[in-house]
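**Student:** Before I ask anything, here is the structure I am working with.
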Amino acid sequence: MKMAIEFDETDATQVADGLVRMLTAALKLGVGVEEKDGSFSVTNPGDEECVRRWIGPDGEYRRDVMQKRWVVKESTDPAGRQMPSPPE
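So the sequence shown is numbered by our numbering: it starts at 0 and just counts up by one.
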């Protein structure tokens, strides 16, 4: 299935409808979505490596590339600049 969603980003109803469609597809595919303190983390499933991204009201603000067993391999901001890895 290919999904193309167009919406007016100033129309909350259209944004909500698009988000529901995308979240439904993501959850069916095993994408992890968690909410904490008004921000979200989204983790793609992967056999050997996966990516966890944190999204807040201003957009993506952190990205962790993790190796098998969900160990953080590196942390970057959306521009790819290195960040300290979170404590385990």
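Here a beta-carbon is modelled for each residue, glycine too, at the ideal position from N, C-alpha and C.
#1: Mapping DSSP to helix, strand and coil, what is Thr9?
#2: Rank Arg20, Asp57, Gly29 by C-alpha distance to the C-alpha of Val50 and give the top, closest one.
#3: Quick check on the DSSP output: the beta strand (DSSP E) that includes Gly55 runs from which residue to which?
#4: Cβ atoms of Val14 and Phe6: under 8 Å apart, would you say?
**Tutor:** On the basis of the data shown:
#1: Note: Thr9 maps to coil in three-state DSSP.
#2: It is Gly29.
#3: Counting along the chain, the beta strand (DSSP E) containing Gly55 begins and ends at 48-55.
#4: Their beta carbons are under 8 Å apart, which means Phe6 touches Val14 by this criterion.
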